[in-house]
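Undergrad: Take the sequence shown: its letter number 30 is residue 30 in the UniProt record's numbering, and every next letter is one higher. No residue lacks a Cβ here, since even glycine has one placed at the ideal position from N, Cα and C.
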Amino acid sequence: MCWLQIILGGLVIVVSLASLYKFYKLGFFLHNEEICHYFYGANDVSEGFDVRALNDRIGQVLDRMEKLQEKLEHSVQEMEKHKDVLDKTSITNLEHKKFLEQEVIKPLSSAHLALRQIRLPWISNSTIKEEPLINNFIVEEIRKYITPKENRIGKINIYGTERIYNTIGHACVLMKKELEGYMDYDIGSYCKDDWNLAQKLMVSGCDPLPRRRCLTRASKVYQKPYSMNESLWKLPDYRNVRWSNYQCRDFQCLSSKNPKRGYSKCTGCFEMEKEKLKWVTNTSLSVDFLITDVLAIKPGEIRIGLDFGVGTGTFAARMREKNVTVISTALNLGAPFSEMIALRGLIPLYVTLNQRLPFFDNTMDLIHTTGFMDGWIDLLLMDFILFDWDRILRPGGLLWIDRFFCNRKDLDDYLYMFLQFRYKKHKWVISPKSKDEVYLSALLEKPPRAI
């Protein structure tokens with residue numbers, strides 16, 4: 001048995017060295033333009049090819065081979081120490097098979113697969129270029145997703161292009177381990193219950209995420225949702241939510257009175273009696289505007305809008321009662337905000353601050369924001385976001401800044417951010433929030449701009 005293991009280990013090392021020598025002989029490990037030119041017959045052989053990713057892949061393979069070699073050598077040394085005992089023991093064929101599968105064949109197969117997945121530069125008369133991002137990943141499903149998809153029989157598609165590029169966020173490369181875990185599934189089977197991993201990737205910049213070819217999970221006891229007439233102001237059936245990745249297990253647990261509810265933003269958003277009062281009843285704060293007052297500024301002109309914030313869709317529900325369709329952005333930050341909005345019969349848009357809004361230019365009548373973009377946000381990030389809002393807001397459309405708050409000493413910086421677009425002021429209120437913080441609420445109208 002001892003000699004058999006030594007022989008298998010030797011074969012593994014020989015195969016590995018032979019594979020690497022093949023690449024070395026062809027000149028791929030050397031920065032030698034003459035070799036590349038001789039082999040490919042082209043000067044631009046390395047254009048668009050990720051040499052660093054190739055080097056990283058080779059390094060991964062070498063590390064696996066080295067670990068396997070060390071494990072085999074260690075096993076041999078242990079056997080040498082206990083030669084007398086080995087002469088008196090034996091292993092079954094099943095144990096022998098298990099050892100070969102787990103300790104030799106599996107690592108060798110993994111390393112062999114990694115070598116075969118290296119995409120070497122390829123030159124032809126075609127204009128097709130290899131996607132260099134491919135070499136950053138080992139999981140085949142990710143590689144298949146980001147590989148450009150050629151149109152069938154060479155036709156131009158409806159977009160006027162020859163191929164389709166599936167996109168992922170650039171930070172996905174920095175979260176390689178998490179992304180490969182997310183994309184590790186059996187095609188056609190059920191996905192893992194890992195929406196929280198997907199959200200972690202998204203908010204960390206791996207956004208957009210790649211599509212997956214597995215079946216999404218739903219609650220095993222999913223019930224028919226309530227009708228539109230009662231769903232707007234009634235807590236949904238808790239059985240229609242997958243609670244496995246939340247601290248709570250039903251909507252009552254999400255009450256603001258529960259210190260272990262699992263979320264801090266939008267406290268009280270799941271209490272319908274409190275939600276019913278928002279934007280329709282006067283408060284003691286001058287920064288609170290009423291929906292009726294806002295719509296009266298543009299009677300009949302506000303038809304569609306976007307609510308950018310954290311909430312359960314109450315603003316959209318109130319606007320729906322005024323025959324205005326509002327889409328609500330939502331992330332599940334410790335509670336099922338997206339599910340709650342949808343179960344109320346409203347539209348949740350599952351997006352982060354990282355991405356450009358999926359709306360065309362000059363299309364929205366209204367953008368409302370509250371409870372999300374506050375004094376924590378970087379000024380440059382806020383600048384990009386505000387310009388994106390300006391892009392989708394139509395001329396004459398309204399930007400409703402609702403209870404934005406920041407440190408008093410930072411107020412001038414944020415005021416410049418809002419005022420730089422030269423919107424018309426319909427409402428503009430600054431009010432103290434605390435000793436060091438202030439509120440800002442404003443209703444601004446986008447001006448027409450000459451082409």
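1. Tell whether a beta-carbon distance below 8 Å holds between W279 and I297.
2. Going by DSSP, what residues sit across from P348 in a beta bridge?
3. When you compare each of L174, E150, D193 and V173 to R163 by their alpha carbons, which one comes out closest?
4. Distance check for K446 and L386, CA to CA, integer angstroms please.
5. Out of curiosity, what's the CA-to-CA distance linking Y226 and N240?
6. What are the boundary residues of the alpha helix (DSSP H) that includes M364?
7. Who are the near neighbours of G268 in its chain, counting only those whose CB is closer than 6 Å to its CB and skipping five residues on each side?
8. Whole angstroms are fine: how far does the CA of L333 sit from the CA of S434?
9. Excluding the five sequence neighbours on either side, which residues of its own chain have a C-beta within less than 7 Å of the C-beta of C253, listed in chain order?
10. Any idea if G160 is buried or exposed, counting beta-carbon neighbours within 10 angstroms, 16 or more meaning buried?
11. Can you list the alpha helix (DSSP H) stretches of 4 or more residues lying completely in the stretch 214-301, in chain order?
12. Let me make sure I understand the geometry here. Which of C406, D365 and I341 has the alpha-carbon closest to that of W376?
13. Taking only the alpha-carbon atoms, compute the straight-line gap between L209 and M319 and give it to the nearest angstrom.
14. What residues match up with A442 in a beta bridge as DSSP calls it?
15. Leaving aside the five residues before and after Y312 along the sequence, list all residues of the same chain whose C-beta is less than 8 Å from its C-beta, in chain order.
16. Please confirm whether N166 and Y185 have their CB atoms less than 8 Å apart.
17. Which partner residues does E437 have in the DSSP bridge list?
18. Have a look at A198 and C191 and give me their C-alpha separation to the nearest angstrom.
19. So W400 and L443 are supposed to be a Cβ contact under 8 Å. How far apart are they, rounded?
20. Please classify V221: is it buried, with 16 or more other beta-carbons within 10 angstroms of its beta-carbon, or exposed?
21. If you draw a straight line from the alpha carbon of K427 to that of L346, how long is it in whole angstroms?
22. I'd like the list of long-range same chain contacts for L393, defined as Cβ closer than 6 Å, with 5 residues on each side in sequence excluded.
TA: For this structure:
1. no
2. S328
3. E150
4. 12 Å
5. 11 Å
6. That residue, M364, is in no alpha helix (DSSP H); its beta strand (DSSP E) goes M364 to T370.
7. S256 and K274
8. 26 Å
9. R261
10. exposed
11. 228-231, 272-275 and 291-297
12. C406
13. 31 Å
14. I401 and W428
15. Inspection of the sequence shows that residue 312 is occupied by Thr rather than by Tyr. For T312, where only same-chain residues beyond five positions count, the Cβ hits under 8 Å are C266, C269, F270, E275, F337, M340, I341 and R344.
16. no
17. N407
18. 12 Å
19. 5 Å
20. exposed
21. 28 Å
22. M364, I367 and K446
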